[in-house]
Every structure is written in C-alpha cells, then in structure tokens.
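Each remark here refers to the structure printed beneath this line.
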Amino acid sequence: MEAEKEKKLSIPPRGIRAIIEAVRLGEVIKPSQYAKREAFKKHDIKEAWLNRVLTMIFYDIMKKQGLIDKAIKDVVGVTPLILDPWLRAALRVAFDVVLFHDPNQNTLKNLKWKASDFISSKTHPYVGMYYWDIFERILEYKPNPKTELERLEWEYLAPAWLIERVRKLLGDETKAFFEAVNRKHEWISIRVNTLKTTPEEVIKEFEEEGVEVVQSKRIPVVLKIKGPYDFDSSYLFRKGKIIVQEEASAVASVILDPKPGEVVVDLAAAPGGKTTHMAELMKNRGKIFAFDIDKARMKRLKDFVSRMGIKIVKPIVKDARKAPEILGEEVADRVMLDAPCTSSGTIGKNPELRWRLREQKIEEMAQLQRELLESAAKLVKPGGRLLYTTCSIFIEEDEDNVSWFLETYKEFRLVKLSGPYDPGFLEGTMRAWPHRHETIGFFYALFEKVTQ
Ligand SMILES: C[S@@+](CC[C@H](N)C(=O)[O-])C[C@H]1O[C@@H](n2cnc3c(N)ncnc32)[C@H](O)[C@@H]1O
1 MEAEKEKKLS IPPRGIRAII EAVRLGEVIK PSQYAKREAF KKHDIKEAWL NRVLTMIFYD
61 IMKKQGLIDK AIKDVVGVTP LILDPWLRAA LRVAFDVVLF HDPNQNTLKN LKWKASDFIS
121 SKTHPYVGMY YWDIFERILE YKPNPKTELE RLEWEYLAPA WLIERVRKLL GDETKAFFEA
181 VNRKHEWISI RVNTLKTTPE EVIKEFEEEG VEVVQSKRIP VVLKIKGPYD FDSSYLFRKG
241 KIIVQEEASA VASVILDPKP GEVVVDLAAA PGGKTTHMAE LMKNRGKIFA FDIDKARMKR
301 LKDFVSRMGI KIVKPIVKDA RKAPEILGEE VADRVMLDAP CTSSGTIGKN PELRWRLREQ
361 KIEEMAQLQR ELLESAAKLV KPGGRLLYTT CSIFIEEDED NVSWFLETYK EFRLVKLSGP
421 YDPGFLEGTM RAWPHRHETI GFFYALFEKV TQ
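Under the UniProt record's numbering, think of the first position of the sequence shown as 1, with each following residue one higher.
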C-alpha cells in the first residue's frame with residue numbers, strides 16, 4: 001500500500017507555482033528551457049527530484065498541448081487562447097497532471113487551492129475563483145474522440161492533418177514513427193571539433209566526468225551522451241572542442257565533402273553546425289561564405305566559429321537570394337543549401353512544434369526554398385556541387401523541389417546517394433527517419449553542375 005502511494009505523483013505548493021509560471025513564461029520566452037529555468041529559480045526549485053518531475057510535466061504539456069487545449073475547450077466552452085494567460089497556464093498544468101499522470105490527493109488539493117491562490121495573486125481574485133469553481137469538472141473529464149482519426153490524435157499525440165500526412169508517406173510505419181518521436185529523448189548528439197581534438201580524447205574526457213557516451217557508427221566524429229548535460233559549465237564546450245549537432249545534420253557536410261582550399265558558399269548557415277563542420281573537413285584552408293538573414297542566429301555562428309578556432313568563415317548577414325549579386329556567379333566549388341523549412345522532421349526534439357505548425361506553411365516554405373535553389377544554381381562553378389537538405393519530412397519541400405530543380409536547371413544532374421540512410425521517394429535522394437535511424441527526419445539531394 002505504502003509503495004503504491006509513493007509511486008503517485010507528488011508536487012508541493014511551491015512546485016505548483018513554479019510549473020504554472022514556467023508554462024506562462026514559456027509563451028513569451030524562447031527557447032522554452034530559458035522560461036523553465038527562470039521560473040524554477042524564482043520559486044527556488046533546488047531539489048533534483050522536484051526539478052526532474054516539473055521538467056517532465058513542462059515538456060509533457062508542450063507535447064500534448066493541442067489535446068490539452070481541446071480538453072480545456074470542452075470544459076470551459078471557449079478556446080484557451082482567448083483566456084487570461086495565467087488562467088490558461090494553470091488549466092494546462094491541471095489538465096496535464098489529471099489526464100496523463102497519477103497525482104496523489106495532496107497534489108490534487110494543491111492543484112485546486114494553491115493554483116487558484118497563485119493565479120488570483122497574478123491577475124484578479126475572480127480569475128482564481130473561476131479556476132477553483134471548474135476544478136471538479138477537470139477531475140471528471142474524459143476525452144471522447146468521435147472518429148478513428150481523433151482517437152489516433154490521443155494515441156500519437158499529434159494533430160489529425162499531420163497523422164494523415166505521415167500515413168501517406170509511411171503507411172504501416174506510422175505508429176513506429178510517432179512512437180519514436182514521442183519517446184523520451186535522453187541522449188544528446190554532439191560533434192567533435194577535429195581542429196582541436198579527436199573523438200577518442202573527448203570520449204575519454206566524458207568518461208572521466210562520469211558521462212555515458214557512445215560513438216556513432218555512421219559518422220565517427222558524432223558522439224551521443226546521456227543527458228542532462230550542462231553545456232554552459234562544460235570545459236569541452238567552452239573550449240570549442242564539441243558542438244551540439246544531430247547525426248543526420250553532420251551527414252550533410254560529409255556528403256558535400258568540401259576539400260581544403262576550395263570556395264564554399266553556405267546559403268542558410270546559422271547557427272553554424274554545418275559551416276563549422278565543413279571548415280573542419282577543409283582543415284581550415286580555403287573560404288566559406290556563410291549567409292543567413294537572422295542576425296541573432298548569426299551571432300551564435302560567429303561565437304562558435306571563434307571558439308572553435310576556425311579562420312576561413314566570412315559571415316554575411318543578408319538574404320541569400322541576393323548571394324549571386326554579392327559574390328558573383330559561378331564562384332563556388334561547393335554550395336550548401338540547408339534550407340529554411342517547416343522543421344517537421346524535428347518534432348521529437350521540439351515537442352510543441354507539431355501544434356504550432358500549419359499545413360499552409362508547407363507551400364510557403366517550398367516557394368522560398370525554390371528561390372534559394374535558384375540562387376544556389378547561379379553560384380555553382382561548372383563541375384561544382386550543390387547539396388540541398390531540409391529537416392522536413394514533407395514531399396513538397398523535398399522530392400518535389402528536387403524534381404522542379406532538375407526540370408528548370410538542365411545543366412544540373414543528380415548525384416545518386418547510397419547511404420548512410422535510406423533512399424528517398426525519388427531515386428538518388430536520401431532520407432533519415434526518427435524511427436529507423438534514431439535521429440531527426442532529414443532529406444538530402446546532391447547535384448553537380450555539368451561542365452559544357
Ligand atoms: C535549417 S536552418 C540552418 C541551420 C544551419 N545550416 C546549421 O547547420 O546550423 C535555416 C536557416 O535559414 C535562415 N534563413 C531563412 N530565410 C533566409 C534567407 N532568405 N536567406 C538566408 N537565410 C535564411 C534562417 O535564419 C535559419 O538560420
């Protein structure tokens with residue numbers, strides 16, 4: 001009996017206030033872990049166990065936000081988006097805890113009384129009273145999906161339109177796909193900076209720090225460490241010996257394969273995962289022109305470049321559609337276009353993204369990607385190569401753009417890719433999948449400009 005009691009979720013009043021504040025701040029402070037950190041500090045969450053429990057709930061709410069908001073709407077009668085932000089945050093916490101966890105009686109009491117007091121103090125006593133009043137209805141609430149697709153939304157924790165799309169792409173593997181993206185992500189993928197150290201040395205240092213580490217079989221400079229890991233206080237990170245990067249992302253630079261002394265243009269470079277990797281492959285010899293339109297992300301690129309001891313990168317904060325005007329045409333041996341995209345392949349890493357994504361966005365991104373491909377086509381020298389990648393799983397952003405490019409730019413041919421991942425839906429292209437390759441969803445197409 002005692003053991004059973006202990007298994008139930010227990011959150012003290014301070015924890016309730018901290019998680020509501022974290023969810024509230026998460027709407028305005030990005031990335032969301034900063035919001036969580038600030039709220040936990042404010043409410044003095046020092047105990048490791050409590051931090052772990054609240055962190056789990058914080059990310060759980062993001063992953064299930066669309067479903068939680070549907071439940072709120074069923075109970076309250078309006079979309080939570082028009083409610084007071086503190087009330088919305090408290091309701092999201094309450095629904096998540098009640099529907100998806102197993103809270104003990106004390107936690108339920110705190111969730112009713114302390115949350116109500118807390119949001120009263122943040123807004124108006126009427127708001128707290130309203131929350132208090134409807135709390136019993138939250139306890140009674142049972143989701144009532146009416147169709148098979150609505151039922152799958154609760155099973156896969158994703159909106160219906162996304163499930164339909166994944167089904168069209170993957171058929172029987174749909175369930176495995178969503179299970180993989182919803183799994184707890186404990187392992188963090190990093191890349192070793194070979195300008196400063198070796199994978200073996202870094203493995204040794206992690207082991208000495210007591211961090212579990214495994215080396216990627218596909219890309220030996222990629223290591224996976226068991227999190228959590230505090231990068232800010234990490235010697236390896238501060239000295240620029242490691243950088244956070246997914247294996248699928250590191251594969252891109254290896255495929256483009258820039259050589260020492262070459263001229264490379266990276267058209268969507270920030271925060272610099274691929275730019276820095278290419279500089280390493282080029283042994284810090286040659287030139288990389290790194291374009292990105294986002295100043296803040298570019299600042300991070302500049303920090304990484306200097307910390308990692310890289311000398312050959314010229315950052316250019318400009319729209320990459322202007323790159324041929326700025327640099328001239330046919331100047332590059334290699335062009336990397338790691339295009340801005342819907343990022344649908346990263347929903348495992350960015351749990352709230354699935355609820356934020358809008359289907360209309362896909363066409364918008366595909367159009368921008370084509371304009372960037374036009375720019376890339378002009379930059380490549382005859383005999384030079386262009387790599388087009390996205391972290392999206394949608395055909396419109398991937399294979400469709402490749403077909404369009406090959407039809408429009410007859411001087412380019414597709415260089416067939418044969419690994420380390422699986423063939424894409426167009427012969428010669430390649431895709432990485434979360435459920436098959438334990439990485440993010442990623443798409444690759446390599447082109448060569450034929451010499452006349
Ligand atoms: C997928 S991210 C690039 C990630 C980067 N290659 C890396 O490996 O770290 C896409 C980038 O495209 C940038 N971007 C969006 N529109 C752009 C444009 N018109 N010109 C240049 N960069 C753009 C975004 O700011 C974003 O940093």
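Glycine included, every Cβ here is placed at the ideal spot set by N, Cα and C.
Residue i beta carbon near ligand 1 (any heavy atom closer than 7 Å)
i, result
"LEU379", "no"
"LEU357", "no"
"PRO340", "yes"
"GLY273", "yes"
"ASP292", "yes"
"SER249", "yes"
"ARG321", "yes"
"ALA269", "yes"
"ARG370", "no"
"ARG297", "yes"
Residues of its chain near residue i, where Cβ-Cβ distance is below 6 Å and the 5 sequence neighbours each way are ignored
i, result
"LYS5", "Low local confidence applies: a pLDDT of 47 at LYS5 is under 50, so the model's placement there is unreliable, with the coordinate-based value given in what follows. Contacts found: none."
"PHE40", "ALA18"
"LEU223", "ILE190, VAL213, GLN215"
"ARG285", "PRO260, GLY261"
"ARG385", "ARG334, GLU448"
"GLU438", "none"
"PRO271", "ARG297, ARG300, LEU301"
"GLU2", "With a pLDDT of only 43 at GLU2, under 50, the local geometry of the prediction cannot be trusted, and no value is derived from it."
"ASP74", "none"
"GLY428", "LEU414, LYS416"
"SER116", "GLY128, TYR131, TRP132"
Bridge partners - residue i, DSSP secondary structure assignment
i, result
"THR389", "ASP338, TYR444"
"LYS414", "In the sequence as displayed, the identity of residue 414 is Leu instead of Lys. Note: LEU414 sits in a beta bridge opposite PHE447."
"VAL263", "LYS287"
"ASP422", "ARG431"
"LEU223", "ILE190, GLN215"
"LEU9", "PRO103"
"LYS314", "PHE289"
Beta-carbon contacts of residue i that lie in its chain and below 8 Å, excluding the five residues immediately before and after
i, result
"PRO13", "ASN110, LYS114"
"TYR229", "ILE188, VAL211"
"ILE163", "LEU149, LEU152, GLU153, TYR156, THR174, PHE178"
"PRO220", "PRO199"
"GLN65", "ARG92, GLU352, TRP355"
Cβ shell of residue i (< 7 Å), same chain only, five flanking positions each side left out
i, result
"LYS112", "TRP132, PHE135"
"ALA279", "ILE288, ILE310, ILE312, VAL313"
"LYS122", "TRP86"
"PHE206", "VAL213, ILE225"
"VAL263", "GLY286, LYS287, VAL331, ALA332, ASP333"
"PHE95", "ILE68, ALA71, ILE72, ILE138"
"ARG436", "ASP422"
For residue j and residue i, believed in contact at Cβ under 8 Å, the rounded distance
i, j, result
"VAL181", "PRO434", "5 Å"
"LEU301", "ALA269", "6 Å"
"GLU396", "CYS341", "Not a contact, Cβ separation roughly 10 Å."
"ASP248", "ALA432", "Note that residue 248 corresponds to Ala in the displayed sequence, not to Asp. The pair is a contact, with the Cβ atoms about 4 Å apart (cut-off 8 Å)."
"PHE443", "THR408", "Not a contact, Cβ separation roughly 19 Å."
"ALA22", "LYS36", "5 Å"
Near ligand 3: residue i beta-carbon under 7 Å from a heavy atom
i, result
"ALA268", "As presented, the structure is devoid of ligand 3, carrying ligand 1 as its sole ligands."
Inset, instruction - Say whether the region 137–157 touches the region 96–106, bearing in mind that this needs 3 or more beta-carbon pairs closer than 8 Å, one atom from each stretch. - result: A contact exists between the region 137–157 and the region 96–106.
Inset, instruction - Decide if the region 350–367 is in contact with the region 56–64; the criterion is three or more beta carbon pairs, one per stretch, under 8 Å apart. - result: With the cut-off at 8 Å, the region 350–367 and the region 56–64 touch.
Inset, instruction - Take every Cβ of the region 302–322, pair it with every Cβ of the region 233–250, and state whether three or more of those distances are shorter than 8 Å. - result: yes
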